[in-house]
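To start, the structure under review is shown below, and the notes come after it.
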Amino acid sequence: MSKSLLLLTVVLLFSASSKAQLTESDTSAFSYQAGVNGSMITGNVERLLIMSSLTVSSVHETWAVRSSNTWQYGTIGTRFTENDLFSRNFVYLYPDAAVYPYLMFWAETNRRRDLNPRIQFGPGVTLAFLRNPAATARLSITLTYENSEFGRSNFEEPEYAGNPEIETWRGTLRLAGRFILPESRLRLLYETWLQQSVKDEKNRRFYLSAAVDVPVSSGFSLRTSLIYNFESVVLKGVKKEDTMLMFGIFYSGGE
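Residues in the sequence shown are numbered consecutively from 11, following the working numbering.
This is how it looks when you write it as structure tokens:
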């Protein structure tokens, strides 16, 4: 079985498991959100970029699970530029507490960075320092083991050259939340994290996403998102930064 297929199997099993556990318990609360973002350019340069996402969560009194999965597909002319999967999965204990622990499993592939796959997992703790109907904010700290396998070994950083596999322990500082504007239907969503290698101070990643969400009907909303990625360790010929401006529609539901 290829690594990409194995990765997809793990993601689907995790998502299916969280939904099955929900249906087996009357005390659980199930929610989901599905959406698609995209952009298209025609003319001198033909560019297509589609990003679809599915998030499911099952919340119980003493524990909860959440699986957030994004698939990105893109072309420039007839050349594939993206065919990427990013899966973020969490198991929480006592999620209604102000401070609660969790286990994290992240997996991703990235065609542009020739990454297939990257896997990281480990424990963390969240401080929910703002939680009310109008606004939420959570600060999380995680320590994970990470394994990244690349299709080449000619890295820009000479200390990594010659080996397509990078293993490290990594600390993650993450801030996420939402804010509903007073007397408005607009919702502001944000998430940012810094991931720092424990053994190499030059090996770090940074992510930032900010979105404006506008409800248009029951369950449906329009969303404009700005996404920024930075990765310090890259292969030769690969840029360290990516920025995307996306427009899309989302649907949220649950029980």
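We put the beta carbon where it would ideally sit given N, CA and C, even for glycine.
Beta-carbon gap between residue i and residue j smaller than 8 angstroms
i, j, result
"VAL46", "GLY258", "yes"
"MET256", "GLY48", "yes"
"ALA108", "ALA138", "yes"
"ARG197", "GLN205", "no"
"PHE260", "SER231", "yes"
CA-to-CA distance, residue j to residue i, given in whole angstroms
i, j, result
"VAL248", "GLU159", "15 angstroms"
"TYR42", "ARG98", "14 angstroms"
"GLY233", "GLU118", "This sequence places Arg at residue 233; Gly is not what is there. Taking the straight line joining both Cα atoms gives about 24 angstroms."
"LYS162", "SER227", "The sequence shown places Arg at residue 162, rather than the Lys named in the question. If I take the Cα positions, the gap works out to 47 angstroms."
"PRO111", "THR152", "10 angstroms"
"ASP210", "LEU103", "31 angstroms"
"GLU71", "SER78", "21 angstroms"
"THR136", "GLU201", "14 angstroms"
"ASP178", "GLU241", "Checking the displayed sequence, the identity of residue 178 turns out to be Thr instead of Asp. Their backbone Cα atoms lie some 15 angstroms apart in a straight line."
"THR19", "MET114", "For THR19, the predicted model reports a pLDDT of 44, less than 50, meaning its position is unreliable and no value from the coordinates is stated."
"PRO168", "ASN142", "49 angstroms"
"ARG123", "LYS250", "9 angstroms"
"SER68", "SER235", "26 angstroms"
"PHE338", "LYS246", "With the chain running from 11 to 265 in the structure shown, residue 338 is simply not present."
"VAL66", "TRP81", "15 angstroms"
"TYR170", "ASN54", "38 angstroms"
"ARG76", "THR85", "30 angstroms"
"PHE131", "GLY229", "33 angstroms"
"TYR217", "GLU193", "30 angstroms"
"LYS212", "ARG121", "23 angstroms"
"ARG57", "ASN239", "20 angstroms"
"PHE96", "TYR83", "12 angstroms"
"VAL21", "TRP203", "Caution is warranted here: a pLDDT of 43 is assigned to VAL21, below 50, making its placement in the model unreliable, and the coordinate value is therefore given only provisionally. About 22 angstroms."
"VAL101", "MET50", "37 angstroms"
"GLU175", "ILE237", "27 angstroms"
"LEU199", "ASP252", "20 angstroms"
"TRP269", "LEU125", "Coverage of the chain is limited to positions 11 through 265, which leaves residue 269 absent and any answer about it impossible."
With 16 other Cβ atoms within 10 Å as the buried cut-off, status of residue i
i, result
"VAL224", "exposed"
"THR52", "exposed"
"VAL243", "buried"
"PRO105", "buried"
"ARG195", "exposed"
"ARG127", "According to the sequence as given, residue 127 is Pro; it is not Arg. It counts as buried."
"THR88", "exposed"
"PHE165", "buried"
"TYR155", "exposed"
"LEU183", "exposed"
"GLY134", "buried"
CB-CB length for residue i against residue j, believed under 8 angstroms
i, j, result
"ASN157", "ILE129", "5 angstroms"
"VAL222", "ARG180", "VAL222 to ARG180, Cβ: 31 angstroms. No contact."
Between the stretch 84-99 and the stretch 55-71, are three or more C-beta pairs nearer than 8 angstroms? At 8 angstroms Cβ cutoff, the stretches touch.
Taking contact to mean at least 3 C-beta pairs separated by less than 8 angstroms, is the stretch 137-153 in contact with the stretch 184-191? Verdict: yes, contact present.
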